[in-house]
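Structure record follows, encoded as structure tokens.
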Amino acid sequence: MEFTLWDILRNLLLAARWTVVLSLAGFLCGGLAGGLLLALRLAKAKPLRIGAKLYIEVFQGTPLLMQLFLVFFGLPLLGFDVQPWLAAGVGLTLAASAYLAEIWRGCVEAIPLGQWDAAASLGLHPLQKLRFVILPQALRIAVAPTVGFLVQLVKSTALTSIIGFRELVQTANVINNATFASFTVYSMLAVIYFVLCYPLTAASRLLERRLRLSSQ
Amino acid sequence: MATSLEFGWLSDAAGALAHGVATTIFLIAVTTLFGGALSVAAAAARRSRVAWLSGLVAAYVELVRNTPFIVQLFFIFFGLPGIGVRLDAVPAAILAMTINLSAYGTEIVRAGLDAVTSGQREAGLALGLRPRAVFLRVVLPQALRAIFPALTSQIVITMLESAVVSQIAVRDLTYEADLIQSRTFRAFETYAVVTVIYLVLSLLLRRVLFAGGRRALGLGAG
């Protein structure tokens, strides 16, 4: 069977869907878990704070590949039947939550302490303080680095090929084995990732610049 | 629950793990040297008035930062042979890691160079130093002092990402773990142990680079 350039490209583009789906799933689930982690990280109770900090440091201080392996081989020990897509989703969610919580913590801490005091003087309880005073301001700062993190997340999905998830890199490997057109296949692969990531990078940069201008 | 964790294999595997750790440390040490030097050179080129040179570096930085490390590695190791450029696994890994670190390093060093006020350069020139000496002895040391914590973090990230080079059969820590778990069938325990080793490595690497950086840049031991 003869593979044309178009065949290679078409198959890679079809596989790119799964890279996008996994990125979005990791972002949504990781964002929810990251919000929870942020709440723990800012909690009054010290054990909660320290627990959240430890979680973040472990996930930022170990290779994502090891985290994926631990989920992939660990979930079956707990009695779950693990498909690669599930391990990939869970692994990326856990990792993304750690990074997002840390990014957002920086944004919350950038809000002057006077804002907390002002909120307290209005008689708001801690959750109300966050909801009505701190978060609306922190969110504005958080958008640019969060979009920037999306780039990292899209790139991270490439590692799930190693635990057998059929995304871009794995598909490229399969096509390469069938066609031996290695230079073409891996060049196209790189270009597709670039096309996915560069708009996000540019958007993040633009948002950051706009925020800087508006705060001057 | 029926499953229990089992670590009896660890005593037999210690030698292999130590070998893997040594390879991982070797890779990041070489990458730090090459990548550090390349970052400084590329940052200087990025700020040069020669438009094509500056543009070339900008394109390189964007290309690398917007593609995954594993794709860069596979492109070098599997893709380049397609046009006749064949590299062994270890040089391919070092090349990929250096290219990756340098792209991030260039941006970091550039930010540091931008932060040094132009008065420093003018003062150096006024003292009769040549432009090259002004850069190397006046501007660069001040820039590095400002950014070496960020550079340290980036080197640690590169070390963690280097786990992927196991995929092209470089015998690093992850590769040894793959071998051990295929022999013992204790995949979870093996990767758990290796994850802890990586965590310790990243903490140690951060300390060593930080202490070394402070000393090299004359900031004292503080």
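The listed protein sequences derive, respectively, from chains A and B. Heads up, our numbering is the position in the first sequence plus 13, with the first residue counted as 1. Heads up, our numbering is the position in the second sequence plus 790, with the first residue counted as 1. Positions of the beta carbon are idealized from the N, C-alpha and C atoms, including for glycine.
For the alpha helix (DSSP H) holding residue 876 (chain B), just list the boundary residues, first then last. No alpha helix (DSSP H) holds residue 876 (chain B); DSSP gives it neither H nor E.
Using the Cα positions of residue 982 (chain B) and residue 81 (chain A), report the straight-line distance between them to the nearest angstrom. 11 Å
Taking the alpha carbon of residue 996 (chain B) as the reference point, which residue from A:26, A:130, A:73 and A:23 has its own alpha carbon closest? A:73
N- and C-terminal bounds of the alpha helix (DSSP H) containing residue 944 (chain B): 930-951
Given 8 Å as the limit, is there contact between the stretch 991-1007 of chain B and the stretch 935-954 of chain B, that is, 3 or more CB pairs closer than that? yes
Short Cβ contact (8 Å threshold) for residue 902 (chain B) with residue 866 (chain B): no
Using the beta-carbon count (16 or more within 10 Å), is residue 792 (chain B) buried or exposed? Only weak support exists for where residue 792 (chain B) lies, its pLDDT of 49 falling under 50; the value from the coordinates is given anyway. Exposed: under 16 other Cβ atoms inside 10 Å.
Note down the Cα distance separating residue 18 (chain A) from residue 202 (chain A), rounded to an integer number of angstroms. 13 Å
Residue 134 (chain A) to residue 144 (chain A) span [Cα, whole Å]: 15 Å
Please check if any C-beta of chain A sits within less than 8 Å of the C-beta of residue 797 (chain B). no
So with Cβ pairs under 8 Å, would you call residue 1008 (chain B) a contact of chain A? no
Assuming residue 94 (chain A) is part of the alpha helix (DSSP H), what are its boundary residues? No alpha helix (DSSP H) holds residue 94 (chain A); DSSP gives it neither H nor E.
Does any C-beta atom of chain A lie closer than 8 Å to the C-beta of residue 993 (chain B)? yes
Under 8 Å Cβ-Cβ, which residues of chain A neighbour residue 981 (chain B)? 79, 82, 83 and 86
What residues of chain A sit near residue 985 (chain B), judged by a beta carbon separation below 7 Å? 75, 79 and 83
Quick one: what does DSSP say residue 979 (chain B) is sitting in, helix, strand or coil? helix
Which ranges would you report for the alpha helix (DSSP H) in the stretch 168-223 of chain A if only whole runs of at least 4 residues count? 181-192
When you compare the stretch 880-894 of chain B with the stretch 811-828 of chain B, are there three or more beta-carbon pairs, one atom per stretch, that lie closer than 8 Å? yes
Sort B:914, B:1005, B:858 and B:898 by Cα distance to residue 181 (chain A) and report the nearest one. B:858
Measuring only between beta-carbons, confirm whether residue 172 (chain A) sits less than 8 Å from chain B. yes
Check this for me: beta carbons of residue 178 (chain A) and residue 112 (chain A), under 8 Å apart or not? no
Unbroken alpha helix (DSSP H) runs of length 4 or more, entirely within the stretch 881-929 of chain B: which are they? 908-916
First and last residue of the uninterrupted alpha helix (DSSP H) at residue 128 (chain A): 126-134
Within 10 Å of its beta-carbon, does residue 63 (chain A) have 16 or more other beta-carbons around it, so buried, or fewer, so exposed? exposed
Taking the alpha-carbon of residue 102 (chain A) as reference, which of A:167, A:129, A:124 and A:65 has the nearest alpha-carbon? A:167
Does the distance from the CB of residue 176 (chain A) to the CB of residue 85 (chain A) come in under 8 Å? yes
Pull up the distance between the alpha-carbon of residue 803 (chain B) and that of residue 75 (chain A), whole angstroms please. 20 Å
Compare the beta carbon distance of residue 872 (chain B) and residue 195 (chain A) with 8 Å and say whether it is the shorter of the two. yes
Alpha carbon to alpha carbon, how far is residue 798 (chain B) from residue 976 (chain B)? 10 Å
On a Cα-Cα basis, can you pick out the residue from B:943, B:795 and B:955 that is closest to residue 89 (chain A)? B:795
Of the residues that make up the stretch 17-29 of chain A, which ones have a beta carbon closer than 8 Å to any beta carbon in chain B? none
Report all residues from its chain with a CB closer than 6 Å to the CB of residue 209 (chain A); omit the five preceding and five following residues, and keep chain order. 167
Rounding to the nearest angstrom, what Cα-Cα distance links residue 32 (chain A) and residue 206 (chain A) in this structure? 9 Å
Does DSSP put residue 962 (chain B) in a helix, in a strand, or in coil? coil
Helix, strand or coil for residue 122 (chain A)? Go by DSSP, reduced to three states. helix
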